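Written below as structure tokens is the structure these notes are about.
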């Protein structure tokens, strides 16, 4: 994070905010750092997808002996599904902040990033509540 953010201190690579379009962009717009940032963000997204896909596959294949009814009660299966859903929501939000500015300048496209951020803040606790018995039990005890 520090390595990718350090050039923003130099005048060649300013990151300007455009609140009317709900986005940010590098100034000057044709700077080399724009492509470095895009490459790093793309690599991070690919690594996230690969890591969670492998984790989901391993847990799914390890519980192949269980039938579908037992699988839904299997703690590893429920945990992997919870992590997979949370990661999917996070990846959609993360991608919208870094890739939408390159897709166009429309306000309606750019409003997707803050909307997904709000959706992410709601869905993470909701997913944890649905798939995690301990969280559900404690929440019901408090209520």
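Residue numbers (the numbering used here): 272 to 414.
A virtual CB, placed ideally from N, CA and C, is assigned to each residue, including glycine.
Note that this is a predicted model, so its numbers are computed, not measured.
- With a threshold of 16 other beta carbon atoms within 10 Å, residue 387 meets it and is buried.
- Under the 10 Å beta carbon count, residue 367 is surrounded by 16 or more other beta carbons and is classified as buried.
- Residue 414 and residue 406 have their C-alpha atoms spaced approximately 12 Å apart.
- Annotation: residue 400 to residue 363 spans about 21 Å, alpha carbon to alpha carbon.
- Pairing residue 353 with residue 402 gives a Cβ-Cβ distance under 8 Å.
- By the Cβ-count criterion, residue 306 is exposed, with fewer than 16 other Cβ atoms from all chains shown falling within 10 Å of its own Cβ.
- When the beta-carbon positions are compared, residue 316 and residue 355 stay at least 8 Å from each other.
- With fewer than 16 other beta carbons inside 10 angstroms of its own, residue 303 counts as exposed.
- For residue 299, no alpha helix (DSSP H) segment is defined, and its DSSP state is neither H nor E.
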